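In this note's numbering, the protein residues as written are 58 to 275. Have a look at the structure below before the remarks.
Right under this line is the structure:
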């Protein structure tokens with residue numbers, strides 16, 4: 058059976074794998090070849106295709122090519138095309154370290170449906186929730202500052218070392234400085250990605266800083 062190709066209204070070509078090709082991929086991956094090699098050999102453009110196939114490994118390997126069940130394999134779920142493009146949107150934003158929320162998903166899904174001229178799609182909260190569940194998406198934290206200081210060491214220094222250091226100086230000559238600021242370009246600290254995925258992206262740390270200084274005499 059020849060491989061079928063589909064062209065979306067956004068101009069991208071999607072490959073529809075035959076049952077034989079799916080079985081062959083599952084036979085090779087991941088024990089014999091890696092994800093990138095699978096994508097190259099079978100001309101697959103998105104890692105999502107392989108991930109989804111792996112999730113249904115037992116099902117595809119158990120289906121016979123002449124089995125009537127195999128006809129159901131190519132039956133598209135309602136709004137499946139919207140889901141496939143939306144998942145690409147999630148993965149692309151993860152690669153670019155751009156945080157996304159449920160509201161972002163909903164708005165992008167509506168935009169996709171509008172571009173594809175799909176009628177009856179509302180992008181309801183229920184559809185978004187099922188989309189996240191089907192694709193194993195959840196909220197994860199972005200990279201931030203890792204705690205590096207020991208609270209015990211700090212407390213000991215304040216209680217024992219600071220008095221000895223400041224003892225020779227008058228209050229007017231003892232100053233304390235502290236810095237604060239605002240991360241004016243900060244994005245949300247969480248984003249949507251596959252559950253169990255390592256932390257992705259980094260928090261934007263550009264900020265305006267202010268240094269406050271005051272003497273012990275006030």
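All residues carry an ideal CB built from backbone N, CA and C; glycine is no exception. None of these values were measured; they are calculated from a predicted model.
Counting only runs of 3 or more residues that sit fully inside the stretch 131 to 203, the beta strand (DSSP E) segments are 194 to 198, in chain order. The continuous beta strand (DSSP E) containing residue 272 extends over residues 265 to 272.
The C-alpha of residue 265 is placed about 38 Å away from the C-alpha of residue 186. The stretch 133 to 146 makes contact with the stretch 172 to 191, as at least three CB pairs between them are under 8 Å. Note on residue 166: 16 or more other CB atoms within 10 angstroms of its CB, so buried under the neighbour-count rule.
If you draw a 10 Å sphere on the C-beta of residue 79, you find 16 or more other C-beta atoms in it, and that means buried. A direct Cα-Cα distance of roughly 34 Å separates residue 160 from residue 267. Using a C-beta cut-off of 8 Å, the stretch 109 to 124 makes no contact with the stretch 167 to 174, since fewer than three inter-stretch Cβ pairs fall below that distance. The alpha-carbon separation between residue 147 and residue 88 amounts to approximately 27 Å. Leaving aside the five residues that flank residue 107 on each side, the residues in its chain whose CB is nearer than 8 Å to its CB run, in chain order, 82, 86, 92, 95, 96 and 101.
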